[in-house]
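So for the sequence shown, the UniProt record's numbering puts the first residue at 1; every next one is plus one.
Heads up: the structure comes next, in structure tokens.
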Amino acid sequence: MPVSSSGTIDLGGKTVHRLGYGAMRITGPGVWGPPKDHDEAVRVLRRAVELGVTFIDTADSYGPFVSEDLIREALHDGSGYGDVVIATKGGLTRSGPDVWPPLGRPEYLRQCLLMSLRRLGVERIDLWQLHRIDAEVPREEQFGEMKAFVDEGLVHQVGLSEVGVEEVEAAQAAGLSVASVQNRYNLGDRRAEDLLEFCEQRGIAFIPWAPVDAGTLARPGGPLDAVAKQHEGTSTSQLALAWLLRRSPVIVPIPGTSTVAHLEENLAAADVELTDDEFATLSDAGR
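Here you go:
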């Protein structure tokens, strides 16, 4: 189980390996409709768990619903998911490919949660995350409904996505215990650096989406390519993931893919060890 080398973190009431899997790419183009290859999507999910993945991130809007349905088909053992934490998200609506308007009315958030419970075949969601704070609805109402989910035993832990430090503090002030945040963050995009440091100080899991999107840093002759030449058989994507794992103990990368071959390549990043100089070189290049 190579993923075990990525270390562990507590999430959803369980100890999980820090290198997880993001289940957005097992849907159709534009994150809309079924995947082109249903059987390969099922194989990807099962192979991820075989390799030691114990944290899978999805959302009701992926498909919509397709990703959650596939996770249940591939991994549900009749009573649940064993040691695997399934995190899902709600709070967006879908009307077509690549269309994602937020809707944070409490009654809609509750509908999202209840339908995710049904689709995933569980009585309680390990980690439920608000996909976006809806600017048209008082955020305290959204936080209050999330707290109710926990109080009612429908959710074990809750998290927020695409937020800043002030919004996390506001959620905490409203009585919400924030277990995770999920923001875009990678070697080439450090805009959430202050949020990452905030999470590290408070023991909040930081789940970076687009974790391998290093942009120009991965170009031929660039810093990632230069370091890759020192690691025979290692890809720039694996190095980008290895950098994230070393960057902070609260980071939980969730690289996504729709093929088993690419999955295996991504997860092998857990065994990539950067030297101090290599880590410093990549860190400086990303700034």
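Backbone N, C-alpha and C fix where the C-beta goes; we use that ideal spot for every residue, glycine too.
Member of the options whose CA lies at the smallest distance from the CA of residue i
i           : options                            : result
Ala-170     : Thr-259, Gln-142, Asp-39, Ala-210  : Gln-142
Gln-182     : Gly-159, Met-146, Gly-33           : Gly-159
Val-212     : Pro-106, Ala-192, Tyr-185          : Tyr-185
Ser-180     : Thr-88, Arg-118, Asp-83            : Thr-88
Phe-195     : Gly-90, Glu-162, Glu-278           : Note on residue identity: the sequence assigns Leu, not Phe, to residue 195. The option with the nearest alpha carbon to Leu-195 is Glu-162.
Ala-48      : His-262, Phe-279, Asp-284          : His-262
Ser-95      : Cys-112, Ala-135, Trp-32, Arg-132  : Trp-32
Glu-200     : Thr-8, Ser-235, Ile-26, Ile-251    : Ile-251
Thr-236     : Leu-117, Pro-253, Arg-246, Leu-217 : Leu-217
residue 329 : Ala-285, Pro-29, Ser-177, Arg-202  : The chain is shown only over 1 to 287; residue 329 falls outside these bounds and no answer can be derived.
Phe-149     : Asp-134, Leu-130, Glu-136          : Leu-130
Phe-65      : Gly-12, Arg-132, Tyr-81, Gly-121   : Gly-121
Ile-125     : Phe-206, Arg-202, Ile-133, Val-84  : Val-84
Glu-264     : Leu-11, Thr-27, Arg-46, Gly-7      : Arg-46
Trp-100     : His-231, Tyr-62, Ala-270           : Tyr-62
Ile-9       : Glu-140, Ile-86, Ala-205, Ala-210  : Ala-205
Cross-strand partners of residue i (DSSP beta bridge)
i       : result
Pro-102 : Leu-92
Tyr-21  : Ile-56
Gln-129 : Lys-89, Gly-159
Thr-15  : Asp-10
Ile-251 : Phe-206
Trp-32  : Gly-63
Three-way DSSP call (helix, strand, coil) for residue i in this model
i       : result
Ser-4   : helix
Thr-275 : coil
Gln-238 : helix
Asp-134 : coil
Asp-83  : coil
Thr-281 : helix
His-262 : helix
Leu-45  : helix
Val-150 : helix
His-38  : helix
Arg-139 : helix
Glu-50  : helix
Gln-111 : helix
- Query: Between the region 253-264 and the region 217-225, do at least 3 Cβ pairs fall closer than 8 Å?
  - Reply: Not touching, per the Cβ criterion.
- Give, in chain order, every unbroken run of the beta strand (DSSP E) that is at least 3 residues long and sits entirely within the region 53-77. The region 53-77 contains these whole beta strand (DSSP E) runs: 55-57.
- Which whole runs of the alpha helix (DSSP H) in the region 159-220 are 4 residues long or more, in chain order? Within the region 159-220, the alpha helix (DSSP H) runs of at least 4 residues that lie entirely inside it are, in chain order, 165-173, 193-202.
- Query: Do three or more CB pairs link the region 24-41 to the region 3-10 at distances below 8 Å?
  - Reply: Contact between the region 24-41 and the region 3-10 is absent: fewer than 3 CB-CB pairs across the two stretches fall below 8 Å.
- Item | Sufficient close CB pairs (3 or more, under 8 Å) joining the region 67-81 to the region 143-150 | Verdict: no, contact absent.
- Specify whether the region 53-61 and the region 7-24 touch according to this definition: at least 3 beta carbon pairs, one from each stretch, less than 8 Å apart. With a cut-off of 8 Å, the region 7-24 and the region 53-61 count as touching, because enough Cβ pairs lie within range.
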